[in-house]
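Using mature numbering (1 follows the signal peptide of the UniProt record, and there is no 0), the letters of the sequence shown correspond one by one to residues -16 to -1, 1 to 318.
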Amino acid sequence: MKSFVVLLAFIAIASSAPMISEDELEDHFTQFKDQFGRSYSSKEEEFYRKRIFANNLEFIFNHNRQYYAGLKSYTVAVNNFTDLSNKEFRAIMNGLQYVATSLKSSEMVHEDEAISGLPDTVDWTTKGVVTPIKNQEDCGSCWAFSAVASIEGQHALKTGKLVSLSEQNLVDCSTPEGNDGCDGGLQDSAFQYVIKNHGIDTEQSYQYKAVDESCRFNSKTVGATISSYVDVKTGSEAALQTAVANIGPISVGIDASQNSFQFYSSGVYDEPNCSTSVLDHGVTAVGYGTDKGIPYWKVKNSWGTGWGISGYILMSRNKNNQCGIATGASYPII
């Protein structure tokens, strides 16, 4: 019976394969396996992954045809996730546990919406306050990377020293604050942990493992401390803009559930199917600007440099809070 069910799944995937020849598909799939070091446990598993790859390749081809026809503002491309279904991808990579009533938990709210006089472009990656792109790997710890990036930024702005901090410290130790390691969490809960713990360890002293482990926090290797945190006014891109311009890198939650996000490659991401309230991924807003007349947020992701624009994405700005980028934003105070 189990074999029959698996066979039906293979047939369902194969029935929607792209309109390219099997030889062309084989060439693309071989290149993909070579580039990303893929090997599969059985012929059945490889067949299954190849069919998923074929469907994703068709999506990529179709989307980019629209881009070159002037109908899309961004491109998508084959990447490390192209042999994963969107459901599998979301289950592995998107670990933000957004709950509207609990995320806005700070008594302090950033409500400044006075954008007049702000710079037209802000990019904190050029100011020495943003660490290189990191990789959460197969662990739903995006919330930890988002929180750490904003702490790193505030610490650098306060002290003049950019120190890479430990996401693994948050993964292993912030369960009492409500986080669940590789199964997800919240940036605000991470901030609460760092406040109560009187600090977070450096990356060098507490290195990332991409799995849940026992807490190994060492007070002798603390890299930064925070005293409190501030939630940005919910849903206000103006308030988020003043925060990014005047405060620094800001932790944000977004809806990253679409196929288009999974395979994003370049340009300004514009996805009308995004939710403004159902957020599943933690990232960091590190700037804003305009590209070919399109306003964008510059966002640091945690999926390695092989995704997006060397690990970054430009997301639509002032487009009705698209993907919820201003729904769950916050930042720490050193």
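The C-beta atom is built at its ideal place from N, Cα and C for all residues, glycine as well.
Skipping 5 residues on each side, what residues in its chain have a beta carbon closer than 7 Å to that of residue i?
i	result
E72	none
G312	Y82, L87, V236, G237 and L263
N257	Q242
E187	S148, L149 and S150
residue 329	As displayed, the chain neither begins before -16 nor continues past 318, which places residue 329 out of reach and without an answer.
E121	A194
K142	I318
K56	H47 and Q50
G290	N63 and N64
Q246	F65, N70 and F73
G207	V147, L149, I184, D185 and T186
D167	G79 and G124
K145	none
A98	T226
Enumerate in chain order the residues of its own chain whose CB-to-CB distance from residue i is below 8 Å, with the five nearest sequence positions on each side excluded.
i	result
S203	H182 and G183
G292	Y248, S249, S250 and N285
S(-14)	Note that S(-14) has pLDDT 41, beneath the 50 cutoff, so the model's placement of it is unreliable and no number is given.
S294	I117
D275	G251, V252 and L298
L(-9)	Unreliable positioning characterises L(-9) in this predicted model, as indicated by a pLDDT of 36, which lies under 50. A coordinate reading is not provided.
Sort out for me which residues DSSP pairs residue i with in a bridge.
i	result
K284	T268 and Y296
D275	I278
Y192	DSSP, once it has assigned bridges, lists no residue as partnering Y192.
V206	D185
L80	G169
S241	DSSP lists no partner for S241.
I234	A269
Y248	V60
L149	T186
Y51	According to DSSP, Y51 bridges with nothing at all.
Y213	P316
N119	W287
H94	V216
Y32	In the DSSP output, where bridge partners are listed per residue, Y32 has none listed.
Y253	M299
D7	D7 pairs with nothing; no bridge assigned.
V106	Y272
Measuring alpha carbon to alpha carbon, tell me which residue in the options is nearest residue i.
i	options	result
T260	K276, S244, V270 and I238	I238
A128	W291, G165 and E255	G165
I231	H94, D185, Y248 and R33	H94
S100	Y52, N46 and A223	A223
G308	L80, H12 and Q50	L80
N304	S286, G277 and E255	E255
G21	E28, T66 and T110	T66
C123	L102, L146, A75 and M92	A75
S286	C126, P316 and L154	C126
G266	L102, I234 and Q306	I234
K180	D167, F201 and Y190	F201
K111	V270, S294 and S26	V270
K282	T109, Y190 and A208	T109
F45	Q15, E28, L68 and I4	I4
F16	L68, S26, A53 and E28	L68
Using a Cβ-Cβ cutoff of less than 6 Å, which residues in the same chain neighbour residue i once the five nearest sequence positions on both sides are dropped?
i	result
Y192	E151 and Q152
G288	N119
N302	E221 and P279
P2	With a pLDDT of 46 at P2, under the threshold of 50, the predicted position of this residue should be treated as unreliable, though the coordinate-derived value follows. The answer, listed in chain order, is A38, L41 and E42.
D156	E197 and C199
E30	Y24
N48	T59
L9	A38
F13	K34 and F37
V132	L149 and E151
L154	A128 and A174
S189	T205
M92	V214
N163	G169 and S173
Give me the Cβ distance between residue i and residue j, rounded to the nearest whole Å; I'm assuming they're in contact under 8 Å.
i	j	result
Y58	Y296	Actually they are not in contact, since the Cβ atoms of Y58 and Y296 sit about 12 Å apart, beyond 8 Å.
Y24	R33	6 Å
T226	D107	The pair is not a contact, with the Cβ atoms about 16 Å apart (cut-off 8 Å).
T159	D185	Rounded, the Cβ-Cβ distance is 16 Å, inconsistent with contact.
S130	T268	5 Å
T105	G273	4 Å
A310	N78	Not quite, the Cβ-Cβ distance comes to about 19 Å (not below 8 Å), so this is no contact.
Q306	S314	Wrong, their Cβ atoms sit about 19 Å apart, outside the cutoff.
A229	P103	6 Å
The segment 133 to 142 touching the segment 106 to 115, judged by at least three CB pairs closer than 8 Å: yes
Any 3 or more C-beta pairs closer than 8 Å across the segment 61 to 69 and the segment 30 to 42: yes
Contact the segment 170 to 182 vs the segment 206 to 214: 3+ CB pairs below 8 Å: yes
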